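Q: Sharing a structure with you now.
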Amino acid sequence: MTTYVLVPGMWVGGWAWRDVTDRLRVAGHDVYPVTLTGLGERTHLGGVGTGLDTHITDVVNVILHEDLRDVVLVGHSYAGTVLPGVADRVPDRIATQVYVDSAPTAAGESHFGIHPAEAIEGMAGHVREHGDGWRLPAPDFAEMAAHPGGEGLTGEQCRLIQPRTSDHPFATVTEPLALTGSDTSAHRRIVIACNEFRGLAEAGIGRYQQAAAALEVHHLATGHWPMFTAPQELADLLDSAAKA
Numbered sequence: 007m008t009t010y011v012l013v014p015g016m017w018v019g020g021w022a023w024r025d026v027t028d029r030l031r032v033a034g035h036d037v038y039p040v041t042l043t044g045l046g047e048r049t050h051l052g053g054v055g056t057g058l059d060t061h062i063t064d065v066v067n068v069i070l071h072e073d074l075r076d077v078v079l080v081g082h083s084y085a086g087t088v089l090p091g092v093a094d095r096v097p098d099r100i101a102t103q104v105y106v107d108s109a110p111t112a113a114g115e116s117h118f119g120i121h122p123a124e125a126i127e128g129m130a131g132h133v134r135e136h137g138d139g140w141r142l143p144a145p146d147f148a149e150m151a152a153h154p155g156g157e158g159l160t161g162e163q164c165r166l167i168q169p170r171t172s173d174h175p176f177a178t179v180t181e182p183l184a185l186t187g188s189d190t191s192a193h194r195r196i197v198i199a200c201n202e203f204r205g206l207a208e209a210g211i212g213r214y215q216q217a218a219a220a221l222e223v224h225h226l227a228t229g230h231w232p233m234f235t236a237p238q239e240l241a242d243l244l245d246s247a248a249k250a
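Position one of the sequence shown corresponds to residue 7 (the working numbering), numbered consecutively onward.
Quick look at the structure:
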């Protein structure tokens, strides 16, 4: 049995992992999907003070209060910024880090640090106008499905996903990641590369290029939301990664 902690990306909660969670549990594993503050069923807990440190603490607290050890820590997309912070706080609890269509964010960088300053300011304006100054509104998944990142999403899936999305606390993606350097262990780090990861690596985006060159990479031919579009294949990769 392997212990998995699954951390979602932007706009969704732990519910997004349901199809993957079910498959991993059927395979005999212990699985903890996390909902980060301000999202999913914890939407009401978000506020102007919800930042990256809040989300790191959310995951750390699940690990500590459930007394989890030898954890396979899995993060999708934005959670590539959360995972290094968790490993920095509780390095003795982590066995493997898995980045799903994502890459590790380095200390001093923010999740949105890969975007040009004018793009970030455009999003900040959207937050001010439509998100009470602290929330980045969720995208239209039906529109997303028409673009490469949404490959594999069906109309029915979009209709089910959209009402369960939440605006995302904007500070979590603009604040730089602060690390203490206490994570000196040699955690195994794996990338499950879907279309977005491959596109960003090929475009020369630093953290993705570095991850492609330095980490163990497994390819999954689907869009940016494999927990919806390829849950069995994703569960199989996570299962095999834990056994390797």
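Using N, Cα and C, we set each Cβ at its ideal position, and we do this for glycine too.
Just so you know, these numbers come straight off a predicted model, no measurement behind them.
Check glutamate 157 in the structure and name its three-state DSSP category.
A: Three-state result, glutamate 157: coil.
Q: Can you give me the C-alpha to C-alpha distance between aspartate 59 and alanine 85, rounded to a whole angstrom?
A: So the two alpha carbons sit approximately 12 Å from each other.
Q: Using the Cα positions of alanine 192 and valine 78, report the straight-line distance between them to the nearest angstrom.
A: Spanning the two alpha carbons is a distance of roughly 14 Å.
Q: What does threonine 9 pair with, by DSSP beta-bridge criteria?
A: Answer by DSSP bridge pairing, in chain order: Asp36 and Val77.
Q: Span of the beta strand (DSSP E) holding threonine 102?
A: Threonine 102 -> beta strand (DSSP E) spans 100 to 106.
Q: Is the distance from the Cβ of isoleucine 198 to the Cβ of aspartate 138 below 8 Å?
A: No, the pair does not count as a contact, with Cβ atoms beyond the cut-off.
Q: Taking a contact to mean a Cβ-Cβ separation below 8 Å, would you say arginine 195 touches proline 143 in this structure?
A: No; because the gap between Cβ atoms is not below 8 Å, this pair is not in contact.
Q: Assuming arginine 213 is part of the alpha helix (DSSP H), what are its boundary residues?
A: Taken as a continuous stretch (DSSP letters only), the alpha helix (DSSP H) holding arginine 213 covers 212 to 220.
Q: When DSSP builds the beta bridges, which residues end up paired with proline 175?
A: Paired residues: Arg141.
Q: Which residue's Cα is closest to the Cα of histidine 50: Met233, Ala101, His174 and Asp76?
A: Nearest option by C-alpha distance: His174.
Q: Does the stretch 19 to 36 come close enough to the stretch 119 to 127 to have 3 or more Cβ pairs within less than 8 Å?
A: Touching, no.
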